[in-house]
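J.: Letter by letter, the sequence shown follows residues 1 to 98 of full-length UniProt numbering.
Got a structure for you, questions after.
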Amino acid sequence: MALQRYIGFTTILSKRITAHLQDGAICRHYVSEHGILLKRKHMKQNTGIVEKGNDIRRLKITEATLIYLKKPTINIQQQPEVSLPSKRQPLSRGQAAS
């Protein structure tokens with residue numbers, strides 16, 4: 001089996017790990033691919049920090065760039081991410097930008 005990855009931005013890693021333990025693609029991946037319930041120890045053992053910084057905008061851009069370049073399978077979005085300019089729907093005539 002090929003290495004499967006997830007790339008995600010966070011400001012507080014422990015909170016992000018807790019969120020992933022509740023539900024989501026990583027949790028579903030562990031059940032479907034490994035047949036086990038995801039535990040905090042799995043997340044800690046398999047989590048690495050790729051980039052650190054204080055500029056939130058730069059970190060989000062780095063996250064989007066890495067997802068685009070590496071195409072990690074676990075990052076498949078269930079709903080479109082409209083915060084990325086490339087994913088926003090074009091405005092129709094007469095519609096004001098928010």
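Ideal Cβ positions, reconstructed from N, Cα and C, are used throughout, including at glycine.
Between Gly53 and the rest of its own chain, which residues show a CB-CB distance below 7 Å, the 5 nearest in sequence each way excluded?
T.: In the sequence shown, residue 53 corresponds to position 53, counting from 1. So the qualifying residues of the chain are Leu59.
J.: Under a Cβ-count criterion, where at least 16 other Cβ atoms within 10 Å of its own Cβ denotes burial, should His20 be classed as buried or exposed?
T.: Within the sequence shown, numbered from 1, the residue matching residue 20 stands at position 20. By the beta-carbon neighbour count (other beta carbons within 10 angstroms, threshold 16), His20 is buried.
J.: Report, in whole angstroms, the separation of the C-beta atoms of Arg5 and Ile74, which I expect to be a contact under 8 Å.
T.: As a first step, residue 5 must be located in the sequence shown, where it is residue number 5. As a first step, residue 74 must be located in the sequence shown, where it is residue number 74. Yes, they are in contact, since the Cβ atoms of Arg5 and Ile74 sit about 6 Å apart, within 8 Å.
J.: Taking C-beta to C-beta, are Ile26 and Leu66 nearer than 8 Å?
T.: Looking up residue 26 in the sequence shown gives position 26. Looking up residue 66 in the sequence shown gives position 66. Going by C-beta atoms, Ile26 is not nearer than 8 Å to Leu66.
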